[in-house]
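Numbering (UniProt numbering), first residue to last: 1 to 171.
Just so it is clear, CB atoms sit at the ideal spot from N, CA and C, and this is done for glycine as well.
Just below is one structure, and these are the notes that go with it.
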């Protein structure tokens with residue numbers, strides 16, 4: 001087995017056994033390679049069908065199927081309201097899987113947004129604050145969708161009502 005193949009197998013093992021995402025920097029240090037090599041390895045593993053996601057906390061293996069109620073919601077708000085939107089969803093029992101926008105040329109653009117708790121919101125907003133890219137929703141003047149999940153239909157209804165009351169929801 002080549003060195004590259006062995007490293008990729010070890011990457012899979014690490015990600016499969018980890019309870020939390022692992023940063024590209026940590027993986028690069030572990031294997032004594034650059035972060036770009038890790039990025040390339042992850043891309044190859046994804047192309048081979050392994051369900052690896054990039055999160056604000058690092059790389060993670062998606063090996064747990066959803067168990068709850070899934071719904072795509074469409075929202076509109078300013079960048080100043082992101083924390084309120086995300087916190088409302090989390091505090092009412094939801095988790096956020098993705099954010100999507102529709103682009104005139106590229107069609108639907110979707111990015112993973114694995115937010116499960118208030119700490120995840122802080123991490124996301126701090127990373128976004130340091131970025132020059134801005135929010136994905138700025139492509140559509142604040143209009144975007146989220147794939148959210150709750151354990152019960154009642155929790156989902158509570159989230160929908162709360163976002164509607166905040167005038168964030170587009171029905």
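query                                                                                                                     : result
Sequence-distant residues of its chain with Cβ nearer than 7 Å to residue 90 (five each side left out)                    : 115, 117, 118, 121
7 Å CB neighbourhood of residue 70 in its chain, flanking five on each side removed                                       : 147, 149
According to DSSP, residues forming a beta bridge with residue 143                                                        : 76
Rounded distance between the beta-carbons of residue 56 and residue 127, thought under 8 Å                                : 5 Å
Among 109, 83, 153, nearest to residue 123 - alpha-carbon criterion                                                       : 83
Straight-line gap, residue 99 to residue 15 (C-alpha atoms, nearest Å)                                                    : 24 Å
Start-end ranges of the beta strand (DSSP E) lying completely within the UniProt domain "3H" (73-169), minimum 3 residues : 94-103, 107-115, 143-150
Residue range of the unbroken alpha helix (DSSP H) whose run includes residue 13                                          : 3-17
Proximity winner among 59, 93, 74, 62, relative to residue 153 (alpha-carbon distances)                                   : 93
Close Cβ partners of residue 142 (< 7 Å) along its chain, the five nearest in sequence each way excluded                  : 76, 77, 78
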